[in-house]
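K.L.:
As they're listed, the protein sequences go chains X and W.
Just so you know, we're using our numbering here: the first sequence kicks off at 114 and counts up by one.
Just so you know, we're using our numbering here: the second sequence kicks off at 114 and counts up by one.
Number of protein chains: 2
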Amino acid sequence: MLAANAAFYEAFESRDLDRMSEVWEHSDRVSCVHPGWGVLRGWAAVAGSWFALFGGPQHLQFILTNESVAVVGDTGLVTVDENLLDGEEVGGTVTSLNVFVRGDDGRWRLVAHHGSPVAQRT
Amino acid sequence: MLAANAAFYEAFESRDLDRMSEVWEHSDRVSCVHPGWGVLRGWAAVAGSWFALFGGPQHLQFILTNESVAVVGDTGLVTVDENLLDGEEVGGTVTSLNVFVRGDDGRWRLVAHHGSPVAQRT
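1) Are the Cβ atoms of leucine 130 of chain X and phenylalanine 175 of chain X separated by less than 8 Å?
2) Can you list, in chain order, the stretches of the beta strand (DSSP E) that have 3 or more residues and sit fully within the segment 192 to 235 of chain W?
3) Interface residues of chain X around tryptophan 150 of chain W at Cβ under 9 Å?
4) In chain X, which residues lie less than 8 Å from alanine 119 of chain W when you measure between Cβ atoms?
5) Below 9 Å on C-beta distance, what does aspartate 218 of chain X contact in chain W?
6) Pick helix, strand or coil for serine 140 of chain X, following the three-state DSSP scheme.
7) Considering only the alpha carbon of each residue, which of W:Asn196, W:Gly219, W:Gly216, W:Asp218 lies closest to valine 231 of chain W?
8) Looking at C-alpha atoms only, which residue of W:Val214, W:Arg220, W:Ala157, W:Ala124 is the closest neighbour of threonine 188 of chain X?
9) Return no unless some Cβ of chain X is closer than 8 Å to the Cβ of valine 185 of chain W.
10) May I have the straight-line CA-CA distance separating valine 152 of chain W from methionine 133 of chain X, to the nearest angstrom?
11) Say whether chain A places a C-beta atom closer than 8 Å to the C-beta of threonine 188 of chain W.
12) Hey, quick one: how far does the alpha helix (DSSP H) through leucine 115 of chain W stretch, first residue to last?
13) Going along the chain, which unbroken runs of the alpha helix (DSSP H) with 4 or more residues stay wholly within the segment 146 to 181 of chain W?
14) In angstroms with no decimal places, state the Cα-to-Cα distance between serine 209 of chain W and alanine 225 of chain X.
15) Have a look at W:Gly186, W:Glu180, W:Ala124, W:Ser229 and flag the residue whose alpha-carbon is nearest the alpha-carbon of glycine 216 of chain W.
16) Would you tell me roughly how many angstroms separate the C-alpha atoms of valine 159 of chain X and tyrosine 122 of chain X, rounded to the nearest one?
17) Along chain W, which residues have their Cβ under 8 Å away from the Cβ of alanine 116 of chain X?
18) Going by C-alpha to C-alpha distance, which of W:Gln233, W:Asn211, W:Ser229, W:His227 sits closest to leucine 115 of chain W?
19) Cα-Cα, which of X:Asp199, X:His147, X:Gly168 is closest to histidine 227 of chain W?
20) Step through the CB atoms of chain W and report whether any lies within less than 8 Å of the CB of serine 144 of chain X.
21) In angstroms, rounded to a whole number, what distance separates the CA positions of valine 136 of chain X and valine 182 of chain W?
22) Per DSSP, leucine 190 of chain W is paired with what?
23) So, is the C-beta of serine 162 of chain X closer than 8 Å to a C-beta in chain W?
24) Flag this pair as yes or no: are the beta carbons of serine 229 of chain W and valine 203 of chain W separated by less than 8 Å?
25) Who are the neighbours of serine 181 of chain W on chain X, taking C-beta pairs under 9 Å?
26) Arginine 222 of chain W: which of W:Phe125, W:Asp194, W:Glu138 sits nearest, CA to CA?
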């Protein structure tokens with residue numbers, strides 16, 4: 114499942130829709146929350162959001178830290194911090210919960226991604 | 114599982130630590146993200162956050178909308194919008210992903226809560 118999680122972020126950073134599509138389960142039960150967005154449900158809506166993000170001006174790169182995995186039967190929960198790079202510096206942190214489900218073929222597929230900005234401590 | 118989700122929000126609104134404790138699985142694998150916070154892992158840290166929130170000045174009341182449930186084996190994912198009431202008006206929306214796991218006793222327990230503010234559209 115860590116490989117599936119890594120594949121998600123590789124697709125994200127490389128703005129590769131085909132790879133992003135491979136990461137996700139293509140079903141109505143998937144959900145996705147981008148930082149500051151409302152929830153998107155179903156693969157069509159989720160795919161549309163990646164299409165829009167990858168077509169936009171933001172080319173996000175991040176360093177992943179604080180990753181943790183919990184496996185519950187055929188479900189896996191990954192919590193991870195996405196430290197966004199702004200040039201050479203870390204420009205902010207998004208904390209995410211990624212939920213994967215193992216299919217009959219043994220592959221883990223993403224069924225939920227929820228990312229939210231961590232407020233800067235002053 | 115909808116009953117378990119309702120129990121979570123009832124405990125939240127009533128600031129009832131005992132009820133909140135009953136809702137959660139007491140294990141190291143639980144995680145919780147409050148809006149704008151970093152991730153908390155393990156029941157001790159999560160319980161501590163509710164203790165702090167319930168002891169604080171904010172007495173949150175909300176109207177739940179846009180609720181959806183996906184069950185995957187013994188895991189259940191609930192996505193829901195928490196529309197915070199500020200007096201008589203809706204003061205903002207938090208969108209949440211709540212992950213429940215069914216125990217050997219048949220009870221659904223919360224293993225992950227991730228809430229994040231939805232940016233106002235202007």
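Yeah, the Cβ is synthetic: ideal placement off N, Cα and C, and Gly gets one too.
Predicted model, so just to flag it, every value in this text is computed and none were measured.
P.N.:
Per the coordinate set shown:
1) Working through the first sequence from its first residue, we reach residue 130 of chain X at position 17. Working through the first sequence from its first residue, we reach residue 175 of chain X at position 62. Not a contact, by the Cβ cut-off of 8 Å.
2) 202 to 215, 221 to 230
3) On the second sequence, residue 150 of chain W is found 37 positions in, with the first residue counted as 1. Neighbours of tryptophan 150 of chain W on chain X, chain order: Thr208, Ser229, Val231, Ala232.
4) Taking the first residue of the second sequence as 1, we reach residue 119 of chain W at position 6. The premise fails here: alanine 119 of chain W is roughly 18 Å from chain X at the closest Cβ pair, so nothing lies under 8 Å.
5) In the first sequence, the residue the question calls residue 218 of chain X occupies position 105. By Cβ distance, chain W contributes nothing, its closest Cβ being about 15 Å from aspartate 218 of chain X, past 9 Å.
6) Position 27 of the first sequence, counted from the start, is the residue given in the question as residue 140 of chain X. Here serine 140 of chain X sits in coil by DSSP.
7) Taking the first residue of the second sequence as position 1, residue 231 of chain W is located at position 118. The candidate whose alpha carbon is nearest that of valine 231 of chain W is W:Asn196.
8) Counted from its first residue, the first sequence places residue 188 of chain X at position 75. For the options W:Val214, W:Arg220, W:Ala157, W:Ala124, the alpha carbon positioned closest to that of threonine 188 of chain X is the one of W:Val214.
9) Within the second sequence, numbered from 1, the residue matching residue 185 of chain W stands at position 72. So, interface residue.
10) As a working note, residue 152 of chain W is residue 39 in the second sequence. As a working note, residue 133 of chain X is residue 20 in the first sequence. If I take the Cα positions, the gap works out to 25 Å.
11) In the displayed structure, chain A is absent; the protein chains listed are X and W.
12) As a first step, residue 115 of chain W is located in the second sequence; it is residue number 2 there, counting from the start. 115 to 127 is the extent of the alpha helix (DSSP H) around leucine 115 of chain W.
13) 156 to 168
14) By one-based count along the second sequence, residue 209 of chain W stands at place 96. By one-based count along the first sequence, residue 225 of chain X stands at place 112. Whole-angstrom Cα-Cα distance: 11 Å.
15) Stepping through the second sequence from its first residue, residue 216 of chain W is reached at position 103. For glycine 216 of chain W, the nearest C-alpha among the options comes from W:Gly186.
16) Numbered from its first residue, the first sequence carries residue 159 of chain X at position 46. Numbered from its first residue, the first sequence carries residue 122 of chain X at position 9. Whole-angstrom Cα-Cα distance: 15 Å.
17) Here the question's residue 116 of chain X lines up with position 3 in the first sequence. Neighbours of alanine 116 of chain X on chain W: none; closest Cβ ~20 Å, over 8 Å.
18) As a working mapping, residue 115 of chain W is identified with position 2 in the second sequence. Of the candidates W:Gln233, W:Asn211, W:Ser229, W:His227, the one whose C-alpha sits nearest the C-alpha of leucine 115 of chain W is W:Asn211.
19) For this step, residue 227 of chain W is matched to residue 114 along the second sequence. Considering only alpha carbons, the answer is X:His147.
20) Against the first sequence, residue 144 of chain X aligns to sequence position 31. Closer than 8 Å: yes.
21) Within the first sequence, numbered from 1, the residue matching residue 136 of chain X stands at position 23. Within the second sequence, numbered from 1, the residue matching residue 182 of chain W stands at position 69. Taking the straight line from one Cα to the other gives about 21 Å.
22) For this step, residue 190 of chain W is matched to residue 77 along the second sequence. Partner(s): W:Ala183, W:Val212.
23) If you number the first sequence from 1, residue 162 of chain X lands on position 49. Serine 162 of chain X does not count as touching chain W.
24) Looking up residue 229 of chain W in the second sequence gives position 116. Looking up residue 203 of chain W in the second sequence gives position 90. Not closer than 8 Å, so no.
25) Residue mapping note: residue 181 of chain W aligns to position 68 of the second sequence, counting from 1. Under the 9 Å cutoff, chain X gives Arg142, Ser144, Val152, Arg154.
26) If you number the second sequence from 1, residue 222 of chain W lands on position 109. Of the listed residues, the one whose Cα sits closest to arginine 222 of chain W is W:Glu138.
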